[in-house]
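Student:
Numbering (the working numbering), first residue to last: 28 to 553.
(1) DSSP state of residue 471, grouped into three classes?
(2) Can you look up residue 193 in the DSSP assignment and give me helix, strand or coil?
(3) Mind checking who residue 126 pairs with in its DSSP beta bridge?
(4) Can you tell me whether DSSP reads residue 497 as helix, strand or coil?
(5) Using 8 Å as the threshold, is the segment 145 to 156 in touch with the segment 420 to 429, meaning 3 or more CB pairs across them?
(6) Note down, in chain order, each residue of its chain lying with its Cβ closer than 8 Å to the Cβ of residue 130, except the 5 sequence neighbours on either side.
(7) Taking 7 Å as the limit between beta carbons, can you name the residues of its chain near residue 224, skipping five residues before and five after?
(8) Who pairs with residue 342 in a beta bridge, going by DSSP?
(9) Please confirm whether residue 482 and residue 328 have their CB atoms less than 8 Å apart.
(10) Where residue 264 and residue 237 are concerned, what is the direct C-alpha to C-alpha distance, given to the nearest angstrom?
(11) Compare the beta carbon distance of residue 520 and residue 479 with 8 Å and say whether it is the shorter of the two.
(12) Which one or two residues does DSSP pair with residue 431 in a beta bridge?
(13) Closer than 8 Å is the cut-off here; do at least three beta carbon pairs connect the segment 162 to 175 with the segment 434 to 441?
(14) Assuming contact is defined by CB atoms lying nearer than 8 Å, are residue 472 and residue 137 in contact in what I supplied?
(15) Where do the ends of the beta strand (DSSP E) carrying residue 202 lie?
(16) Quick check on residue 245: buried or exposed, where buried means 16 or more other Cβ atoms within 10 Å of its Cβ?
(17) Can you check whether the CB of residue 506 is closer than 8 Å to the CB of residue 485?
(18) Quick one: using the 10 Å Cβ neighbour count with 16 as the cut-off for buried, is residue 456 buried or exposed?
(19) Determine the burial state of residue 338: buried for a count of at least 16 other Cβ atoms within 10 Å of its Cβ, exposed for fewer.
(20) In whole angstroms, what is the alpha-carbon distance linking residue 222 and residue 330?
(21) Give me the residue from 216, 496 and 285 with the minimum Cα distance to residue 307.
(22) Please work out which residues of its chain come closer than 6 Å, Cβ to Cβ, to residue 461, disregarding the five sequence neighbours upstream and downstream, and give them in chain order.
(23) Using the Cβ count rule (16 or more neighbours within 10 Å means buried), how would you classify residue 252?
(24) Quick check on DSSP: helix, strand or coil for residue 111?
(25) With 16 as the cutoff for other CB atoms within 10 Å, does residue 261 come out buried or exposed?
(26) Near residue 323, which residues of its chain fall below 6 Å by C-beta distance, leaving aside the five closest residues on each side in sequence?
(27) Go ahead and label residue 171 buried or exposed: buried means 16 or more other beta carbons lie within 10 angstroms of its beta carbon, across all protein chains shown.
(28) Thinking just about the alpha-carbon of each residue, which of 199, 203, 204 and 174 is nearest to the one in residue 211?
(29) Measure the beta-carbon distance from residue 312 to residue 160 and round it to whole angstroms, keeping in mind my assumption that it falls under 8 Å.
(30) Roughly how many angstroms lie between the CA atoms of residue 517 and residue 468, to the nearest whole one?
(31) By a C-beta neighbour count over all protein chains shown, 10 Å radius and 16 as the cutoff for buried, is residue 156 buried or exposed?
(32) Compute the beta-carbon to beta-carbon distance between residue 239 and residue 233, rounded to the nearest angstrom, for a pair I have assumed lies under 8 Å.
(33) Let's test the definition: count the other Cβ atoms within 10 Å of the Cβ of residue 348 and tell me whether it reaches 16, buried, or not, exposed.
(34) For residue 208, tell me which candidate among 195, 314, 119 and 85 has the shortest Cα-Cα distance.
(35) Work out the CA separation of residue 134 and residue 275 for me, nearest whole Å.
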């Protein structure tokens with residue numbers, strides 16, 4: 028059996044250099060399938076980063092390939108949601124009615140948090156999940172302040188938060204290709220076990236009287252004047268006053284809302300957890316070790332994220348990700364994973380050596396599904412896109428149910444105003460490499476370094492919210508102003524990279540294009 032282990036060494040001796048060259052040769056000439064099949068991992072989980080096997084890699088690549096080759100513009104899609112005039116009692120619901128609820132949440136890995144918060148308010152809540160509601164083995168990283176929001180909505184207790192924290196680490200680095208590092212404290216410095224967290228919240232939800240339907244896919248939703256009636260793949264029927272979509276970027280409801288349009292951009296992520304890191308007390312929030320490079324037939328700007336793993340003091344989780352537009356020439360996840368093996372030694376000063384024997388500390392792979400920029404299903408996005416978002420959602424949804432304010436106009440007011448989504452989208456456009464470069468290959472690193480340097484000069488009130496994805500107008504305006512004063516010559520390149528020559532934003536579907544009679548609230552609805 029082949030297994031993978033990192034080779035320790037900050038200074039490369041002659042022997043270590045030879046081992047590194049041997050590693051690069053073997054990864055260039057070793058079958059990816061054999062590598063992945065040799066790695067012992069647990070069962071797969073739902074949500075981003077829950078896929079580990081080679082079959083899962085090929086499955087995700089097939090999804091990504093279909094997105095890349097899909098024509099632009101609206102497409103014919105399955106109509107999951109429809110409206111019927113009249114009341115539900117006038118129509119037969121069959122003999123498999125599970126129950127009538129105040130709220131049904133579709134998508135359990137993410138939705139279980141909001142569902143539990145609403146259930147704690149005394150509402151009748153059900154969660155529908157096509158797989159099992161289960162968190163992955165590898166940690167999510169988050170800040171303590173964001174975790175504490177779960178105590179405010181009675182999803183977790185303080186003691187339970189401590190139980191699900193698997194690792195703590197400081198300081199945290201932001202660095203860009205030898206231009207200098209910026210170090211911060213207490214930013215995304217906790218490793219939280221998704222397996223423990225999701226299971227703890229799941230059991231809390233059940234204890235509060237919540238109903239869970241696992242291994243059940245959504246087949247259809249019919250909106251009546253009084254209720255929404257849902258049909259599930261197993262034949263079960265549920266009726267509810269409100270339906271919340273927490274199914275993420277592959278949601279069939281979202282696909283219907285967007286009329287089958289493919290996303291303008293995606294984030295592709297691959298990674299692993301490895302053993303053997305002696306200096307393992309800090310993390311990388313974002314790090315770039317190279318300028319724009321060529322992967323397969325596409326220009327890409329690669330970024331890294333790394334932090335200590337909770338499985339042991341010498342274990343470290345490392346991700347490599349890139350922002351890209353879905354085109355026929357875009358790299359596959361397998362292409363990125365091969366590049367990951369090649370670049371890992373340069374990034375972490377560790378040589379990954381392929382050993383043709385069993386070892387006690389195998390590397391675990393983590394293959395995140397392709398993720399739409401604006402519909403990330405990663406856990407911390409609930410908290411980091413808006414300060415106290417889950418607290419606000421809990422209160423707003425409860426008030427809507429309590430006041431019977433469930434028409435489209437009333438529900439539209441619940442959608443939080445989050446301009447940071449648009450700002451994040453523009454930042455990510457600037458961080459992705461165009462296929463016809465009209466800026467230097469090092470432009471992205473230069474842009475990020477000058478931005479982070481300016482934010483550091485402006486202090487913690489500016490830098491900290493940005494790193495937590497809470498992008499506010501005041502700090503953003505100060506940063507852009509200081510960038511213009513510090514390096515005005517970079518401004519034209521920003522417009523060429525982020526604005527001109529890109530897919531037009533006019534193709535984005537606006538919320539108003541939804542049927543005004545569609546009393547279904549898609550969360551998050553953009």
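Don't be surprised by glycine CBs; every beta carbon is placed ideally from N, CA and C.
Tutor: To lay it out plainly:
(1) For this step, residue 471 is matched to residue 444 along the chain shown. Helix at residue 471.
(2) Within the chain shown, numbered from 1, the residue matching residue 193 stands at position 166. In the structure shown, residue 193 sits in a strand (DSSP, three-state: E or B).
(3) Taking the first residue of the chain shown as 1, we reach residue 126 at position 99. Residue 126 has 265 as its beta-bridge partners, per DSSP.
(4) Against the chain shown, residue 497 aligns to sequence position 470. Residue 497 carries a coil assignment under DSSP once its states are collapsed to helix, strand and coil.
(5) Between the segment 145 to 156 and the segment 420 to 429 there are three or more inter-stretch CB-CB distances shorter than 8 Å, so the stretches are counted as touching.
(6) Along the chain shown, one-based indexing puts residue 130 at 103. Correct list, in chain order: 142, 145, 150, 151, 152, 153, 267, 268, 269, 270, 271, 424 and 428.
(7) Locating residue 224 in the chain shown gives position 197, where the first residue counts as 1. Residues 162 and 191 of the same chain have their beta carbon placed closer than 7 Å to that of residue 224, with the five preceding and five following residues left out of the count.
(8) As a working mapping, residue 342 is identified with position 315 in the chain shown. DSSP output for residue 342 lists 302 as bridge partner(s).
(9) In the chain shown, residue 482 corresponds to position 455, counting from 1. In the chain shown, residue 328 corresponds to position 301, counting from 1. When the beta-carbon positions are compared, residue 482 and residue 328 stay at least 8 Å from each other.
(10) Numbered from 1 along the chain shown, position 237 holds the residue referred to as residue 264. Numbered from 1 along the chain shown, position 210 holds the residue referred to as residue 237. Their Cα atoms are separated by approximately 16 Å.
(11) Counted from its first residue, the chain shown places residue 520 at position 493. Counted from its first residue, the chain shown places residue 479 at position 452. Taking the C-beta atoms as reference points, residue 479 is found no nearer than 8 Å to residue 520.
(12) Residue 431 sits at position 404 when you count from the first residue of the chain shown. Per DSSP, residue 431 has no beta-bridge partner at all.
(13) With the cut-off at 8 Å, the segment 162 to 175 and the segment 434 to 441 do not touch.
(14) The sequence position of residue 472 within the chain shown is 445, counting from 1. The sequence position of residue 137 within the chain shown is 110, counting from 1. For the 8 Å CB-CB criterion, residue 472 and residue 137 do not form a contact.
(15) Position 175 of the chain shown holds residue 202. Unbroken beta strand (DSSP E) run through residue 202: 199 to 203.
(16) The residue given as residue 245 occupies position 218 in the chain shown. So residue 245 ends up on the buried side.
(17) As a first step, residue 485 must be located in the chain shown, where it is residue number 458. As a first step, residue 506 must be located in the chain shown, where it is residue number 479. Their beta carbons are under 8 Å apart, which means residue 485 touches residue 506 by this criterion.
(18) Start at 1 with the first residue of the chain shown, and residue 456 comes out as number 429. Burial call: buried.
(19) Residue 338 sits at position 311 when you count from the first residue of the chain shown. Flag for residue 338 reads buried.
(20) Taking the first residue of the chain shown as position 1, residue 222 is located at position 195. Taking the first residue of the chain shown as position 1, residue 330 is located at position 303. For residue 222 and residue 330, the distance between alpha carbons rounds to 26 Å.
(21) To locate residue 307, count along the chain shown from 1; it is residue 280. Nearest option by C-alpha distance: 216.
(22) Position 434 of the chain shown, counted from the first residue, corresponds to residue 461. Answer for residue 461: no residue qualifies.
(23) The residue labelled residue 252 in the question sits at position 225 within the chain shown. Label assigned to residue 252: exposed.
(24) Within the chain shown, the letter at position 84 stands for residue 111. Residue 111 falls in the coil class under three-state DSSP.
(25) Position 234 of the chain shown, counted from the start, is the residue given in the question as residue 261. Exposed is the call here.
(26) Working through the chain shown from its first residue, we reach residue 323 at position 296. Correct list, in chain order: 358 and 362.
(27) Residue 171 sits at position 144 when you count from the first residue of the chain shown. So residue 171 ends up on the exposed side.
(28) Numbered from 1 along the chain shown, position 184 holds the residue referred to as residue 211. Nearest of 199, 203, 204 and 174 to residue 211, Cα basis: 199.
(29) Start at 1 with the first residue of the chain shown, and residue 312 comes out as number 285. Start at 1 with the first residue of the chain shown, and residue 160 comes out as number 133. Between residue 312 and residue 160 the beta-carbon gap is near 29 Å, outside 8 Å, which marks them as no contact.
(30) Against the chain shown, residue 517 aligns to sequence position 490. Against the chain shown, residue 468 aligns to sequence position 441. CA-CA distance, residue 517 to residue 468, rounds to 14 Å.
(31) Indexing the chain shown from 1 puts residue 156 at position 129. Answer is buried; the Cβ neighbour count reaches 16.
(32) Position 212 of the chain shown, counted from the start, is the residue given in the question as residue 239. Position 206 of the chain shown, counted from the start, is the residue given in the question as residue 233. Indeed, because the Cβ distance is near 7 Å, the residues count as touching under 8 Å.
(33) Here residue 348 refers to the residue found at position 321 of the chain shown. Buried, by the Cβ-count rule.
(34) As a first step, residue 208 must be located in the chain shown, where it is residue number 181. Ranking the options by Cα distance to residue 208, first place goes to 314.
(35) Looking up residue 275 in the chain shown gives position 248. Looking up residue 134 in the chain shown gives position 107. Distance between residue 275 and residue 134, taken at the CA atoms: about 8 Å.
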